[in-house]
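Read through the structure below, which is laid out as structure tokens, and then see the notes.
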Amino acid sequence: MALVTKQEESHARLSDSLITKAAKKRRARSMIGYLAFVGPALLFFIMIQMIPFGMGVYYSFTSWNGISSTVEWVGLDNYIRIFTNDTRFFNSFLFTTKFMIAAVLISNAIGFTLALILNAALKTKNLLRTVYFLPNVIGGLLLGFIWQFIFVRGFAVIGDMTNIGFFQQPWLGDANTAFWGIVIVFAWQISGYMMVIYVAALQGLDRSLIEAAKIDGANAFQLLRKIIIPLVLPAFTICLFLTISMAFKIFDLNLSLTGGGPFNSTESVAINIYNEAFTMNNYGIGSAKSILFFLVVAIFTTIQVSITKKREVEA
Numbered sequence: 001m002a003l004v005t006k007q008e009e010s011h012a013r014l015s016d017s018l019i020t021k022a023a024k025k026r027r028a029r030s031m032i033g034y035l036a037f038v039g040p041a042l043l044f045f046i047m048i049q050m051i052p053f054g055m056g057v058y059y060s061f062t063s064w065n066g067i068s069s070t071v072e073w074v075g076l077d078n079y080i081r082i083f084t085n086d087t088r089f090f091n092s093f094l095f096t097t098k099f100m101i102a103a104v105l106i107s108n109a110i111g112f113t114l115a116l117i118l119n120a121a122l123k124t125k126n127l128l129r130t131v132y133f134l135p136n137v138i139g140g141l142l143l144g145f146i147w148q149f150i151f152v153r154g155f156a157v158i159g160d161m162t163n164i165g166f167f168q169q170p171w172l173g174d175a176n177t178a179f180w181g182i183v184i185v186f187a188w189q190i191s192g193y194m195m196v197i198y199v200a201a202l203q204g205l206d207r208s209l210i211e212a213a214k215i216d217g218a219n220a221f222q223l224l225r226k227i228i229i230p231l232v233l234p235a236f237t238i239c240l241f242l243t244i245s246m247a248f249k250i251f252d253l254n255l256s257l258t259g260g261g262p263f264n265s266t267e268s269v270a271i272n273i274y275n276e277a278f279t280m281n282n283y284g285i286g287s288a289k290s291i292l293f294f295l296v297v298a299i300f301t302t303i304q305v306s307i308t309k310k311r312e313v314e315a
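Residue numbering for the sequence shown follows the UniProt record's numbering, starting at 1 and increasing by one per position.
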């Protein structure tokens, strides 16, 4: 009897051992398969994002002209100089903040309005969606040069022919009109992208809720305020995040349209950093500015996402 019990225990241990080995082999194969898919993307992310970011953090504590083989460690001097003796950087940050607010509000308002219109049963809605989305396909540099020609040459010709003051203004030669010129072009480019996201959200709505509200006597404004907007708040979260980050980081459109002029009045933070690092060869200060800019954008977008996510839950 004791012999049988020992044999059973031995078989049980052997069976457990085989099961454990088989489980380990399955986990190993699963891990290999996981790494085969994720590994290249992770390696690419580390090489393209993490390593340059780490180098930027390091260079922000140094004085380097980008050419010399010697790099001088200066500690926090670059950051102190930015906060105490760089009014141009803070002016560019003020411009970027004002631009972000105006561009985000206008582009989302236009995108959502277009989505509401094109979500209706129109025969040409697919064609119109494509037409409105096309500006987003054009590169920022090319778009800036196209609109520079429109503002400088096109508007001037129309103004001479019609004597309408709107077209006779020096759109890119005055600080106020240049600001709104950049806002107009940015909104024109990005509104179609926002429209696509809003259209996808509107098409996912439960039509029975809207029909029930109509039966209860809700008008169009009440439907929009009480039913549609609360249900598409996740789309608002995405669109606000995208437009805030893109408006903060505006560079190519700003560079080709105004170049930061007139008199640096439309110089964005990205252009300021570019000029500091690559025009004046102050790589240390340029890196410090980029780190500060990254922190500001990260904090701002995190706050925005947390606020809109709470509104989603409440709705």
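Note that CB positions come from ideal geometry on N, CA and C, so glycine has one too. Computed from a predicted model, the values in this text were never measured in an experiment.
For Asp216, no alpha helix (DSSP H) segment is defined, and its DSSP state is neither H nor E. Taking 4 residues as the minimum length, the alpha helix (DSSP H) runs contained wholly in the region 194-251 are 207-215 and 233-248, in order along the chain.
The distance from the Cβ of Ala288 to that of Ile82 is about 6 angstroms, consistent with a contact at the 8 angstroms cut-off. Judged by their CB atoms, Leu257 and Gly181 are nearer to each other than the 8 angstroms cut-off. Contact between the region 97-107 and the region 182-189 is present, with at least three C-beta pairs closer than 8 angstroms.
Residues Leu205 of the same chain have their beta carbon placed closer than 6 angstroms to that of Leu231, with the five preceding and five following residues left out of the count. When the alpha-carbon of Phe251 is set against those of Lys98, Phe241, Thr266 and Ile238, the nearest one is in Thr266.
Here Leu172 is buried. Its C-beta has 16 or more other C-beta atoms within 10 Å.
Short of 6 angstroms from the beta carbon of Gln168, and not among the five residues preceding or following it, lie these beta carbons of its own chain, in chain order: Gly159.
Annotation for Asp160: the continuous alpha helix (DSSP H) segment containing it runs Phe155 to Thr162. Between the alpha carbons of Phe151 and Val183 lies a gap of roughly 13 angstroms. With contacts defined by Cβ atoms closer than 8 angstroms, Gly260 and Trp64 do not form a contacting pair. The alpha-carbon of Leu202 is positioned some 25 angstroms away from that of Ala247. For Ile150, there is no enclosing alpha helix (DSSP H), as DSSP marks it with neither H nor E. Listed in chain order, the non-local C-beta contacts of Leu114 below 7 angstroms within the same chain comprise Tyr132, Ser191 and Met195, local neighbours out to five positions each way being set aside. A contact is defined here as three or more CB-CB pairs under 8 angstroms, and the region 212-224 fails this definition with respect to the region 93-105.
Rounded to whole angstroms, the separation of the alpha carbons of Lys309 and Asn282 is 40 angstroms. Secondary structure of Thr113 (DSSP, three-state): helix. Ser287 carries a helical assignment under DSSP once its states are collapsed to helix, strand and coil.
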